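Peer 1: Please read through the structure below; I'll follow up with questions.
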Amino acid sequence: MSLRADMYRQKAAEAKQSAAKATNASIKRAFEEVAAGWLVLAEQLEWMDSQQAFPPQQET
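Residues in the sequence shown are numbered from 97 upward in steps of one, following my numbering.
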């Protein structure tokens with residue numbers, strides 16, 4: 097697992113905590129969307145790292 101991906105997951109957790117504390121529904125939704133975005137970034141980063149670790153083989 098990537099350190100950056102871990103950092104993104106931590107940011108997602110922080111955004112979820114902020115969403116849980118929010119009393120305004122639109123603010124709560126905004127924090128939930130931010131959290132989801134951080135999780136997507138973490139997943140994409142790990143996918144990119146896996147592609148670099150195992151690059152596709154060229155056909156000859």
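C-beta atoms are modelled at their ideal positions from N, C-alpha and C, and glycine is treated no differently. Only a predicted model underlies this, so the values are computations on that prediction, with no experimental measurement involved.
For the structure I just gave you, are there three or more beta carbon pairs, one from the segment 109-118 and one from the segment 129-145, closer than 8 Å?
Peer 2: Yes: at least three Cβ pairs fall under 8 Å.
Peer 1: What does the Cβ neighbour count give for W134, buried or exposed, with the cut at 16 atoms within 10 Å?
Peer 2: W134 comes out buried.
Peer 1: Can you tell me where the alpha helix (DSSP H) with S146 in it begins and where it stops?
Peer 2: Unbroken alpha helix (DSSP H) run through S146: 121-149.
Peer 1: What is the rounded straight-line gap between the Cα of A116 and the Cα of Q154?
Peer 2: Approximately 49 Å between the Cα atoms of the pair.
Peer 1: Would DSSP call Q113 helix, strand or coil?
Peer 2: Correct three-state label for Q113: helix.
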